[in-house]
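Working notes for the structure below.
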Amino acid sequence: MKLFLLLVSLAVANAGVPYEPIELDYHENIGIPLAERLRQAELAQDFDGGRIVGGTQAALGSHPYLGGLLITLVSGGRSICGSSLLTNTRVVTAAHCWRTRNAQGRSVQVVFGSLNLLSGGVRVTSTNVQMHASYNMNNLNNDVAIIVIPWVNYNNHISNIGLASGTNALVGANAVAAGYGLTADFGGSTGQLRHVTLQVISNADCARAFGPANILASTICTDGSQRRSTCQGDSGGPLVLNRQLIGITSFGSSRGCQVGLPAAYARVTSFNAWIRARL
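Residue numbers (mature numbering (1 follows the signal peptide of the UniProt record, and there is no 0)): -15 to -1, 1 to 264.
Shown next as structure tokens:
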């Protein structure tokens, strides 16, 4: 009886844990406002830095697999995300870059080989986006999608990346994230490519922040305690270790990128077979 009462008490206590909220309405709250800020910055030629929090500006060709996404929504709005080039005709991104609870993509322009999201590089447009059948818009489980694009030639600044495989959880590994997202929660927006090195943490540590409903075995997380992280606008972009794609940027705290909390990604090893079946 005492054991039963203890278990009940623990269950009640855990039920009341206030897990960190995640952003489920990406386009309305992040992508569309950020795309407009980028447009205004380009018009003003106010290029003061870039994105990823705590990172540095990337050199051209340092992430040749990165594809910036300029998404036109059914509503007519414009949003931004990232992606990774897998073959000459396929990129992988987050499903929420195409569909959220209140927004749907109509077409997407993919930008390769450019340090600036809004200018330069090679640009192709697609309407063929294949989301994971079990993608859940209410908790971002299975947040993976493939975009079929017109043929893109490889060169010194554009090339594909391999997919991670195996069962290694990679806890403690130092991986690199790249993207065109914000450099601070309220920072400037210039659309320049940046990158940052982040340490992979255990899913147990990540679940303490976001809860077990959001952090599954198919999730991989990085530490945010040093105020270094992916940020708004980096969604769908790559997390890379040893030239292998290990994560697809999915979500962080809805309170911002500099609150010291983890960032979560779709774990590529969990989706390797699903992705390869669509290449």
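Think of the CB as a built atom: it goes at the ideal place given N, C-alpha and C, for glycine as much as any other residue. Predicted, not measured: the structure shown is a model, and the values here were computed from it.
Could you tell me the alpha carbon to alpha carbon distance between residue 235 and residue 246, rounded to whole angstroms? 14 Å
Indicate the three-state DSSP secondary structure (helix, strand or coil) for residue 22 in the structure shown. helix
Apart from the five residues on each side of it in sequence, which residues of its chain come closer than 6 Å, Cβ to Cβ, to residue 250? Cβ within range, chain order: 205, 224, 232, 233, 234 and 235.
What residue does the alpha helix (DSSP H) around residue 260 start on, and which one ends it? 253 to 261
How close, in whole Å, do the beta carbons of residue 12 and residue 46 come, if the pair is a contact with beta carbons under 8 Å? Actually they are not in contact, since the Cβ atoms of residue 12 and residue 46 sit about 30 Å apart, beyond 8 Å.
Quick check: the region 122 to 139 against the region 84 to 96, are at least 3 beta-carbon pairs closer than 8 Å? Taking 8 Å as the limit for Cβ pairs, the verdict is that the region 122 to 139 does touch the region 84 to 96.
Under 8 Å, do residue 186 and residue 152 count as touching if we go by C-beta distance? no
Looking at the secondary structure, which residues open and close the alpha helix (DSSP H) in which residue 63 lies? Where residue 63 is concerned, there is no enclosing alpha helix (DSSP H), although the beta strand (DSSP E) it sits in stretches over 63 to 72.
May I have the straight-line CA-CA distance separating residue 99 from residue 8, to the nearest angstrom? 28 Å
Going straight from the alpha carbon of residue 198 to that of residue 60, what length do you get? 30 Å
Mind checking which residues open and close the alpha helix (DSSP H) that includes residue 191? 188 to 195
Which of helix, strand or coil DSSP assigns to residue 141: coil
List, from N- to C-terminal side, the alpha helix (DSSP H) runs of 4 residues or more that fit wholly inside the region 92 to 144. none
Reducing DSSP to helix, strand and coil, say where residue 159 ends up. strand
Reducing DSSP to helix, strand and coil, say where residue 147 ends up. strand
Where does residue 232 fall in DSSP's three states? Strand, per DSSP.
How many Å lie between residue 22 and residue 64 at the Cα? 11 Å
Buried or exposed: residue 252, going by 16 or more other Cβ atoms within 10 Å of its Cβ? buried
Based on DSSP bridge pairs, tell me the residues matched to residue 75. 72 and 133
For residue 223, the residue or residues it bridges with in DSSP: 233
Ordered along the chain, which non-local residues of its own chain (more than five positions away) have a Cβ less than 7 Å from that of residue 44? none
Measure the C-alpha to C-alpha separation of residue 201 and residue 4 and round it to an integer number of angstroms. Each residue's Cα considered, the two are about 15 Å apart.
For residue 257, I'd like the list of residues in its chain whose CB is within less than 6 Å of its CB, leaving aside the five on either flank, ordered along the chain. The residues are 148 and 150.
For residue 180, the three-state DSSP class (helix, strand or coil): strand
Could you check the C-alpha separation between residue 248 and residue 140 for me, to the nearest Å? 31 Å
If you reduce the DSSP assignment to three classes, tell me which class residue 90 lands in. strand
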